[in-house]
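In what follows, a single structure is set out as structure tokens and then discussed.
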Amino acid sequence: AVDHGSSVNFPCGDVDAGYSGTITVPCALGVLGTPTDDCAPAPCETFQGVQHTLNGVTGLAAPVAAIAPGATGDGVCSSVNPSYSGTLVLACSGDGDLSVTDD
-8 AVDHGSSVNF
2 PCGDVDAGYS
12 GTITVPCALG
22 VLGTPTDDCA
32 PAPCETFQGV
42 QHTLNGVTGL
52 AAPVAAIAPG
62 ATGDGVCSSV
72 NPSYSGTLVL
82 ACSGDGDLSV
92 TDD
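The sequence shown begins at -8 in this note's numbering and counts up one residue at a time.
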């Protein structure tokens, strides 16, 4: 139950896992009002990864830090192929999909 004059909050990710932020639903006189939100596409996180192949060896490329949607960031070549050093350029799409753009 939601008391009059209060609101209930829940994570945007409960509605769509690709989003972060909060949805707020107000209550007035026992009636739930129009929800408001600050939902935005979630960043690509360090625990995400994408399969990639370097010189015949396939491994998981993951960002070294979170990447905002629509931006690029670094991954580590050695996480894909231990014989390599340096960085990979990873892209995080607007809907949170991770891809390798340059190796």
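Think of the CB as a built atom: it goes at the ideal place given N, C-alpha and C, for glycine as much as any other residue.
The beta strand (DSSP E) enclosing residue i, as first and last residue numbers
i, result
"Asp65", "63 to 67"
"Thr25", "First-last for Thr25: undefined, no H or E at that position."
Pick from the options that is closest to residue i, judged by C-alpha positions
i, options, result
"Val67", "Gly(-4), Val6, Asp5, Val91", "Val91"
"Gly87", "Gln42, Asp7, Ser(-3)", "Asp7"
"Asp5", "Thr37, Ser(-2), Thr15", "Thr15"
"Ala52", "Ser69, Ser11, Ala(-8), Gly85", "Ser69"
Cross-strand partners of residue i (DSSP beta bridge)
i, result
"His(-5)", "Bridge partners of His(-5): none, in fact."
"Cys18", "Leu23"
"Gln42", "Leu51"
Own chain partners of residue i with C-beta closer than 7 Å, once the 5 adjacent residues on each side are dropped
i, result
"His(-5)", "Cys18, Ala19, Leu20, Gly21"
Contact test: residue i Cβ vs the ligand FAD heavy atom, cutoff 6 Å
i, result
"Ile14", "This structure simply doesn't include the ligand FAD, nor any ligand for that matter."
Own chain residues within Cβ distance below 6 Å of residue i, not counting five before or after
i, result
"Val71", "His43, Leu45, Gly50, Ala52"
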